[in-house]
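Here's the structure we're looking at; comments come further down.
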Amino acid sequence: MDEILSKRIILLTNVLIALCGLGFIALVHRIDSAYKAKEYFALNRIRSCVESIPQGADDPELLANYAQSWLEDHQHDALDKKFKVAAKLSEQIEKAGFGQELRGMKTLKNGRNSGFRLVEVRSEDKDTCCHHGLGNLDGSKKLLHFVEQYRHLLRPVSIRVATGVNENAFHDAISGNPILSKAVTLPPAIPEEVPAETGMARAVRVYDDNSTSAKLKTVSLVGDSCDVSFELVDHMQVDPDALHERFAVTTEIIRNVTLLELLQIDPDYKNIEGSHQLKKLLGSYGNLPMDNALDLVGNDYMEAYESIDIFGFTFSTTSLPIALLLFQIFISTGLFLMVRDAEKRKLKVLSEYDNEEITDYFIKRKWFRILLWLLVPLLSVYAALPEQDFEPMKLYFIIGGACALGGLNVMLLVKAKKL
Numbered sequence: 017m018d019e020i021l022s023k024r025i026i027l028l029t030n031v032l033i034a035l036c037g038l039g040f041i042a043l044v045h046r047i048d049s050a051y052k053a054k055e056y057f058a059l060n061r062i063r064s065c066v067e068s069i070p071q072g073a074d075d076p077e078l079l080a081n082y083a084q085s086w087l088e089d090h091q092h093d094a095l096d097k098k099f100k101v102a103a104k105l106s107e108q109i110e111k112a113g114f115g116q117e118l119r120g121m122k123t124l125k126n127g128r129n130s131g132f133r134l135v136e137v138r139s140e141d142k143d144t145c146c147h148h149g150l151g152n153l154d155g156s157k158k159l160l161h162f163v164e165q166y167r168h169l170l171r172p173v174s175i176r177v178a179t180g181v182n183e184n185a186f187h188d189a190i191s192g193n194p195i196l197s198k199a200v201t202l203p204p205a206i207p208e209e210v211p212a213e214t215g216m217a218r219a220v221r222v223y224d225d226n227s228t229s230a231k232l233k234t235v236s237l238v239g240d241s242c243d244v245s246f247e248l249v250d251h252m253q254v255d256p257d258a259l260h261e262r263f264a265v266t267t268e269i270i271r272n273v274t275l276l277e278l279l280q281i282d283p284d285y286k287n288i289e290g291s292h293q294l295k296k297l298l299g300s301y302g303n304l305p306m307d308n309a310l311d312l313v314g315n316d317y318m319e320a321y322e323s324i325d326i327f328g329f330t331f332s333t334t335s336l337p338i339a340l341l342l343f344q345i346f347i348s349t350g351l352f353l354m355v356r357d358a359e360k361r362k363l364k365v366l367s368e369y370d371n372e373e374i375t376d377y378f379i380k381r382k383w384f385r386i387l388l389w390l391l392v393p394l395l396s397v398y399a400a401l402p403e404q405d406f407e408p409m410k411l412y413f414i415i416g417g418a419c420a421l422g423g424l425n426v427m428l429l430v431k432a433k434k435l
């Protein structure tokens, strides 16, 4: 009888250890679920970030407008200098007879100035290529295409602003060009009313048959120079380079700005994940279309969030700790009854009988019994708790059950001291 009782105590202890193992397996499962959650949210944020890129973000005009908005918020002094240069240059262009074209350039078209730019944006990274262009990508594109654009947004750019110009810079530039000087020094055009087909009237400029007229097209900042381009109204066949002139301007360069900041995309996207995490995502899903990668990771995440599969058995993540607690209480109750029975009979089932089971070595020692019968069971229940919140009734049941299990195992340890 003594030997049989000793073996039964060892057997129930082994079952208790196995049950505790399920709780710690659930912990590993929860850690894996948390990793899948990070992957899923990182993929979603990368896609959202790329889809936030304004259409035509590679357009120098659009970048210049965004740079001007950025300057309003961060470098107002440089913007004031730019406005003063724009005013001086506008006055020179008006005097040269291109006021009408200049007013057209300053008119907003689709939310941007057309052709009059005294701000320039350049990438400071040698690798400036983004093979797929910036802007919204369809979910059928591979993940690596999205990551390439995301990394492109984090590359540094410099904003060059015109801050000074000579009084006669525009006049001196065009007067030195034989074609332009001839075109722009014609006598003023004679307004003439010409009836239109609609019955309305419009003003046209009339010149002699041998005359030429130039029209201002763009005024833009290129490095430390202002580039001015023209077109000939009568479409004379000339070298296109002859219709471009540059003159020096004073500039100021502002660095340490990313394209993400410049395009006013949510600054939180800057901290999506570290480069190490992005490399892992690319290594695992880089060649998958973005939608497929999201579905794959999302399904794994949701399954891990809602259920857990252990040895072919599927448990709800909220039900597993309750089931584990009930089984542990049942096993601990059995151990307590056996130890109490041995105490009544004064049987030294723990100290006098040796079993071949390795567990026998541990429960003969007081501190190991505390570990195996009290601490490990409570820790395993805690490890099995899921990420999501419990319903109040389930939560109360787990708290009450854990207290009952702890109290039962304390009494078990007290009884076992005499054996």
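Counting in the numbering used here, the sequence shown tops out at residue 435, every number present.
A virtual CB, placed ideally from N, CA and C, is assigned to each residue, including glycine.
Being a predicted model, the structure only gives us computed values, none of them experimental.
Scanning 190, 308, 162 for the CA closest to the CA of residue 245 turns up 190. Residue 266 is bridged by DSSP to 180.
The beta carbon of residue 307 sits closer than 8 Å to the beta carbons of 155, 156 from its chain, once the five residues preceding and following it are set aside; these are given in chain order. When secondary structure is reduced to three states using DSSP, residue 230 falls in the strand class.
Within the same chain, Cβ atoms closer than 7 Å to the Cβ of residue 349 are found at 424, the five residues on either side in sequence being excluded.
At the C-beta level, residue 414 and residue 341 come within 8 Å of one another.
Put simply, of 361, 233, 86, 401 the residue whose alpha carbon is nearest the alpha carbon of residue 280 is 86. If you look at residue 117, you'll find it isn't in any beta strand (DSSP E); it sits in the alpha helix (DSSP H) that goes 115-122. If you look at residue 394, you'll find it in the alpha helix (DSSP H) that goes 392-399. The alpha helix (DSSP H) runs of length 4 or more contained entirely in the region 289-374 are, from start to end of the chain, 291-301, 306-322, 336-360.
Residue 270 is positioned such that its CB atom lies no closer than 8 Å to that of residue 139.
Per the coordinates, the alpha-carbon of residue 394 lies some 13 Å from the alpha-carbon of residue 347.
Its chain contains 94, 98, 135, 268 as the residues whose beta carbon lies nearer than 6 Å to that of residue 177, once the 5 sequence neighbours on both sides are disregarded; these appear in chain order.
Under the three-state reduction of DSSP, residue 158 is assigned to strand. For residue 96, the secondary structure class from DSSP, reduced to helix, strand or coil, is helix. Residue range 135-139 is occupied by the beta strand (DSSP E) that includes residue 138.
In the displayed model, residue 132 falls within a strand according to three-state DSSP. For residue 44, the three-state secondary structure derived from DSSP is helix. Residue 85: member of the alpha helix (DSSP H) spanning 76-90, first to last residue.
In this structure, residue 428 keeps its C-beta atom at 8 Å or more from the C-beta atom of residue 378.
Residue 323 and residue 420 have their C-alpha atoms roughly 26 Å apart. The secondary-structure analysis by DSSP pairs residue 273 across a beta bridge with 173.
By the criterion of at least three beta-carbon pairs nearer than 8 Å, the region 45-65 is in contact with the region 396-415. As DSSP reads the structure, residue 242 sits in a beta bridge with 237, 263. In terms of Cα proximity to residue 361, the closest of 434, 65, 74 is 434. DSSP places residue 55 in the helix class (H, G or I) of the three-state scheme. In the three-state scheme derived from DSSP, where H, G and I count as helix and E and B as strand, residue 403 is classed as coil.
Here the alpha carbons of residue 265 and residue 182 stand approximately 7 Å from one another. Spatial neighbours of residue 384 in its own chain (CB-CB distance under 7 Å, excluding positions within 5 residues in sequence) are listed in chain order as 378. Just so you know, the alpha carbons of residue 317 and residue 35 end up roughly 25 Å apart. Annotation: residue 108 to residue 101 spans about 11 Å, alpha carbon to alpha carbon. According to DSSP, residue pairing for residue 150 in a beta bridge does not occur. Around residue 42, the same chain offers 324, 336, 399, 400 as residues with beta carbons nearer than 7 Å, after the five sequence neighbours per side are excluded. Here residue 417 has 341 as same chain residues with Cβ atoms under 6 Å from its own Cβ, once five neighbours each way along the sequence are excluded.
Following the DSSP letters along the chain, one finds residue 434 in no alpha helix (DSSP H), marked with neither H nor E. A straight line joining the alpha-carbon of residue 118 with that of residue 248 spans about 16 Å.
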